[in-house]
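>
Number of protein chains: 2
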Amino acid sequence: MTDAINRTSKLPLYHQLYEILRGAIGRGEWKPGDMLPSELELTERYQVSRITVRQVLDMLAKEGLIYRQRGRGTFVAHPTVDQVLQRIVSFTDDMRRRGFEPSTRVLSAGLLPAPEEIGRKLLIPAGEELVRLQRLRLADDEPMTIEESYLIHRYCPGLLERDYRAEPLRELLERVYGIRWSRATQVIRAITASRELATLLAIRPNAAVLFIERVSYSQDNVPIEFLRLYHRGDRYALQNELRG
Amino acid sequence: MTDAINRTSKLPLYHQLYEILRGAIGRGEWKPGDMLPSELELTERYQVSRITVRQVLDMLAKEGLIYRQRGRGTFVAHPTVDQVLQRIVSFTDDMRRRGFEPSTRVLSAGLLPAPEEIGRKLLIPAGEELVRLQRLRLADDEPMTIEESYLIHRYCPGLLERDYRAEPLRELLERVYGIRWSRATQVIRAITASRELATLLAIRPNAAVLFIERVSYSQDNVPIEFLRLYHRGDRYALQNELRG
DNA sequence: TAGTGGTCTAGACCACAAA
DNA sequence: TTGTGGTCTAGACCACTAA
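Chains as they are written, first to last, in the working numbering: chain A, 1106 to 1349; chain B, 1106 to 1349.
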């Protein structure tokens, strides 16, 4: 909260204030349930009009990060299971919200030339070097998900020499390579487990698997990661709310 | 567009204007790609301030119903496949967007007392009378989805005597019983097809099925319908975009 | 009663697109 | 040059919550 608004910047005021508040919530400086400063306080602290403050709070509320109560104040929202279909959420956070204790085993890690199909999705020529990281994700020590991550090596050279087992991949990418995910597109399907996948997930061959393929984009809107998620059909479900 | 804003109503102006514009788009009075009146025109036509007009247009834009281009104008958005995870979309619209020609066969229709499980989801006692409608949905004359709908009979008495084959169920519910869906909650899973389901969908037993259970709420926020959707895993996928 | 968010206004200047 | 949406301001009154 030491950030201030830069009046000479070309960035709109509301955008700067959004980043300030968003960052403070993201870093946990305000925790779920905490009350944010009132609109009046924010106008004074950042020297912007109330309309501009409200524009930012409305954005955050629409995204589900805060909620507002007339006569009471504005509060940091408790994360919900819904959010996994709206935001990029780590496996760890997702499992904690579902009431599981997450853990991870690295199955394989290495470099490989991009197959045609993945090259197309990441907008790179086939053959360009990728980092491939295959992990088994457990919930309460039982297999839940296989996660296959393909990263363009050019953007994170030497990743495999880092301690990607100890630190969440997402934090490592941000800290060392300055990569933050701004958005992602994904496709969700139902498939049946191959013999190999079944063994890893400790399910019967041909059991149902919720399969997600995702392309994640950096803050510069460059596609950097292609991800395959194989969720156990008997343990994992997605939830969301629809408007009429 | 003959609607006008009622200054004596307790409803906020922006809410009334939202309903007017939303309705006109929903009824197809403006079609995808059409330009909406400019902000200035809307302020004049409805005698509200520009900020109020913008509040409404921003809401519609956030929901993906319109898009805005500085210097050009505001336009009705083309529906996307994404929307099926955000809005309540009919099978017919969904298939057309995916480039298929939809059709329907009614498999069964009748009344039954609510099983315990469905009663819980619809907040009614077990045993209350439900309408059950089971339909096979086809895309380009090939099975795509089995749709099992359970409606509380009390809210749509005599539904089965109506011509629910000719008219979309949604329109019939609105026209005859005044029921509009305001929102819904759903759970998405991967399952394998039972022998019976496999026969209906023309797939192998144990093939993967994308299974969705949904509770839909009327404009009065009353749960009225419980829906089970069994989508063929080899033909149907969901797509969406995530924020970082 | 004091403090909070909800709604609404008039008016200004800017950036961008198209003619 | 004209018309569009984008950003921002000060100020007003209302509705709700909690003390």
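For each residue, glycine too, the CB sits at the ideal point set by N, CA and C.
Would A/Val1236 pass as a contact of A/Leu1256 if the rule is Cβ separation under 7 Å?
Yes.
> Helix, strand or coil, according to DSSP, for B/Val1211 in the structure here?
Correct three-state label for B/Val1211: strand.
> Quick one: what's got a C-beta closer than 7 Å to A/Ala1289's C-beta in the same chain, skipping five residues either side?
So the list reads Ile1193, Arg1319, Val1320, Ser1321 and Tyr1322, once near-sequence residues are dropped.
> Using only alpha-carbon positions, find the residue among B/Arg1112, B/His1120 and B/Asp1108 that is nearest to B/Ala1129.
Nearest option by C-alpha distance: B/Asp1108.
> Tell me whether A/Gly1133 is buried or exposed, calling it buried when 16 or more other Cβ atoms sit within 10 Å of its Cβ.
Classification of A/Gly1133: exposed, given that the 10 Å Cβ count is below 16.
> Measuring only between beta-carbons, confirm whether A/Ile1284 sits less than 7 Å from chain B.
No, A/Ile1284 does not count as interfacial toward chain B.
> Would you say A/Thr1148 and A/Val1161 are within 7 Å of each other, going by their C-beta atoms?
Not a contact, by the Cβ cut-off of 7 Å.
> Expressed to the nearest angstrom, what Euclidean distance is found between the alpha-carbon atoms of A/Gln1191 and A/Gly1169?
Rounded to whole angstroms, A/Gln1191 to A/Gly1169 spans 10 Å at the Cα level.
> Taking the alpha helix (DSSP H) that B/Phe1316 belongs to, which residues open and close that run?
Premise fails: B/Phe1316 lies in the beta strand (DSSP E), Ala1313 to Ser1323, not in any alpha helix (DSSP H).
> I believe A/Glu1346 touches A/Asp1199 by the beta-carbon criterion, under 8 Å. Please report the beta-carbon distance rounded to the nearest angstrom.
With a Cβ gap of about 17 Å, A/Glu1346 and A/Asp1199 do not count as contacting.
> With 7 Å set as the bound, which would you pick, yes or no: does the beta-carbon of A/Met1106 sit closer than that to a beta-carbon of chain B?
Here the model assigns A/Met1106 a pLDDT of 48, short of 50, so the residue's position is not dependable, and the following value carries that caveat. No, A/Met1106 lies away from the interface with chain B (no Cβ there is under 7 Å from its Cβ).
> Excluding five sequence neighbours on each side, which residues of the same chain lie with their C-beta closer than 6 Å to the C-beta of A/Pro1328?
Cβ within range, chain order: Leu1227, Leu1228, Val1320 and Tyr1322.
> Of the residues A/Gly1349, A/Leu1217 and A/Ile1284, which one's Cα is nearest the Cα of A/Cys1261?
When each option's Cα is compared against that of A/Cys1261, the closest is A/Ile1284.
> Note down, in chain order, each residue of its chain lying with its Cβ closer than 6 Å to the Cβ of B/Leu1332, except the 5 sequence neighbours on either side.
For B/Leu1332, where only same-chain residues beyond five positions count, the Cβ hits under 6 Å are Ser1254 and Arg1319.
> Is there at least one Cβ from chain B nearer than 7 Å to A/Val1153's Cβ?
Taking Cβ atoms only, chain B never reaches closer than 7 Å to A/Val1153, which makes this a no.
> Cutting at 7 Å between CB atoms, please list the residues of its own chain near B/Ser1154, excluding the five before and the five after it.
The residues are Thr1148.
> Roughly how many whole angstroms lie between the Cα atoms of A/Thr1297 and B/Leu1264?
Roughly 39 Å separates the two Cα atoms.
> So what's B/Leu1118 in DSSP terms, helix, strand or just coil?
Helix.
> I'd like the ranges of any alpha helix (DSSP H) spanning at least 4 consecutive residues and lying wholly in the segment 1269-1306 of chain B.
Qualifying alpha helix (DSSP H) stretches, in chain order: 1274-1282 and 1300-1306.
> Between the segment 1188-1209 of chain B and chain A, which residues of the former have CB atoms less than 9 Å from a CB of the latter, in chain order?
Cβ contacts with chain A come from Val1189, Leu1190, Gln1191, Arg1192, Ile1193 and Val1194.
> Would you list the residues sitting across from B/Ile1125 in a DSSP beta bridge?
Per DSSP, none; premise fails for B/Ile1125.
> In terms of DSSP beta bridges, what is B/Tyr1335 paired with?
DSSP, once it has assigned bridges, lists B/Ile1251 and B/Phe1316 as partnering B/Tyr1335.
> From the DSSP output, in three-state form, read off A/Leu1170 for me.
Three-state result, A/Leu1170: coil.
> Any beta carbon from chain B within less than 7 Å of A/Leu1162's own beta carbon?
No, A/Leu1162 lies away from the interface with chain B (no Cβ there is under 7 Å from its Cβ).
> What are the start and end residues of the beta strand (DSSP E) that includes A/Glu1234?
First-last of the beta strand (DSSP E) with A/Glu1234: Glu1234 to Ala1244.
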